[in-house]
Amino acid sequence: KRILKLPEDAIRTCTGEMSPEEREGIWWMAKVIIATPQVVRNDLIARRVNASDWVLLVFDEAHRAVGDYPYVFIAEEFLKQAKSPLILGLTASPGSQKGKVLEVCRALNIKWVEARTERSPDVAPYVKKVKVEWVSVELPLEMLRVKAKLENVIEGLLSVLKEAGYVQTRKKRWTRKELLELQELLLKKEEKSEKDYECLAVVSGAIRLAHAHEILETQGVGALNKYFERMDEKAQIKGGRGLISLLEDPLVVSVRREVAAMSAQGVVHPKISVLINTIKEQLSSKPE
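Position in the sequence shown (first residue = 1) + 100 = the numbering used here.
Below, the structure written as structure tokens:
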């Protein structure tokens, strides 16, 4: 309102709580509309709105523009119908992989990317200095046991990659980032052998378990149990021999059994109690 200097009723919001008739009136009368992507998609499909009338489309949380998320459909319709379509995508989580960023750019027809960090001249004046103090937390023995089992399964998978010549290093633990880079390398191979396809399945399993390892260390058994449940659902819906084989691995079965039992018992990550104590200390201490 302050920048555009438009009448107050020219800037409106559209939500699913409004009736279709009310939304249609807003689409025809307002100059600036803020709406949920689901509402925009539904109204485009029902022809309550015509994208040819739009001049600028702004996508917040633009990293969501992948797969069947409404952003993708909305952008397609806008680009097909509008006379001079202009799209702006905003996100604080663009992704760390070039491929993921490019996927979003393609979906939204983004031609130019502007990146900012907290050190950028136009951002730095607004960033508050933060004093970071790291507090190490020891995992309980039962969680350490699960952690060791996950590492053993990952090591077993990596041995297949070592035999195929894709992993040369002797280090025991590979990061998820390194495994994703290896997966990308395998996917880019134009002519793949049977061994390459086997290695792709293996590295996919290693990535899943590396993520499971990370969840255990940072979030605890409750989050890990839910992660395994999502893997189960994916295996049932999409199948996939690699994923099914991974879930049937005896060590993984053992890990899941222990994680489910601890989750049912209400075992929480030890960082929670440390966090609570830290907050109590901060609240009870006198301001400097």
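We put the CB at the ideal spot given by N, CA and C, even for glycine. All of these numbers come straight from a predicted model, not from anything done at the bench.
Asked	Found
Test item: CB-CB of Leu-309 and Val-253 under 7 angstroms	yes
Buried versus exposed call for Tyr-171 [16 or more other C-beta atoms within 10 Å across all chains shown]	buried
Ile-337: first and last residue of the uninterrupted alpha helix (DSSP H) it sits in	321-338
Beta-bridge pairing of Val-132 - partner residues as DSSP gives them	Ile-111
Residues near Cys-114 by beta carbon distance below 7 angstroms, same chain, minus five either side	Arg-123, Ile-126, Ile-133, Ala-135, Val-139
Sequence-distant residues of its chain with Cβ nearer than 7 angstroms to Gly-195 (five each side left out)	His-163, Val-201
Short Cβ contact (7 angstroms threshold) for Val-246 with Val-355	yes
Backbone CA spacing between Glu-358 and Gly-340 [nearest angstrom]	25 angstroms
Best match in Glu-251, Tyr-169, Ala-165, Val-368 for proximity to Glu-203 [C-alpha to C-alpha]	Ala-165
Stretch pair the segment 205-220 + the segment 325-345: three plus CB contacts closer than 8 angstroms	no
Boundaries (first-last residue) of the alpha helix (DSSP H) holding Gly-189	Here Gly-189 belongs to no alpha helix (DSSP H); instead the beta strand (DSSP E) covers 186-190.
Lys-180 versus Asp-153 - alpha carbon distance	12 angstroms
Enclosing alpha helix (DSSP H) for Val-246 [first to last residue]	241-263
Any alpha helix (DSSP H) of 4 or more consecutive residues that is wholly inside the segment 183-228	198-208
Beta-carbon proximity of Leu-186 to Leu-144, cut-off 7 angstroms	no
Integer-rounded CB distance, given that Leu-244 should sit under 8 angstroms from His-313	Their Cβ separation, rounded to whole angstroms, is 12 angstroms, which puts His-313 and Leu-244 out of contact at 8 angstroms.
Own chain partners of His-369 with C-beta closer than 7 angstroms, once the 5 adjacent residues on each side are dropped	Gln-319, Gly-320
Val-149 classed as buried or exposed, judged by whether at least 16 other C-beta atoms fall within 10 angstroms	buried
Range covered by the beta strand (DSSP E) that runs through Leu-157	156-160
Same chain, Cβ closer than 7 angstroms to Gly-116, neighbours up to 5 away in sequence not counted	Thr-136, Gln-138, Val-139
Per-residue burial, Glu-291 [other beta carbons within 10 Å of its own, 16 or more giving buried]	exposed
C-alpha distance - Leu-286 paired with Glu-214, whole-angstrom precision	30 angstroms
Residue range of the unbroken alpha helix (DSSP H) whose run includes Met-362	350-364
Phe-178 versus Gln-197, Ala-151, Val-158, Leu-188, residue with shortest Cα-Cα distance	Ala-151
Short Cβ contact (7 angstroms threshold) for Lys-295 with Ala-264	yes
For Ala-306, the three-state DSSP class (helix, strand or coil)	helix
Buried or exposed by the 16-neighbour rule on C-beta atoms within 10 Å, applied to Ile-389	Absent from the structure is residue 389, since the part of the chain shown begins at 101 and ends at 388.
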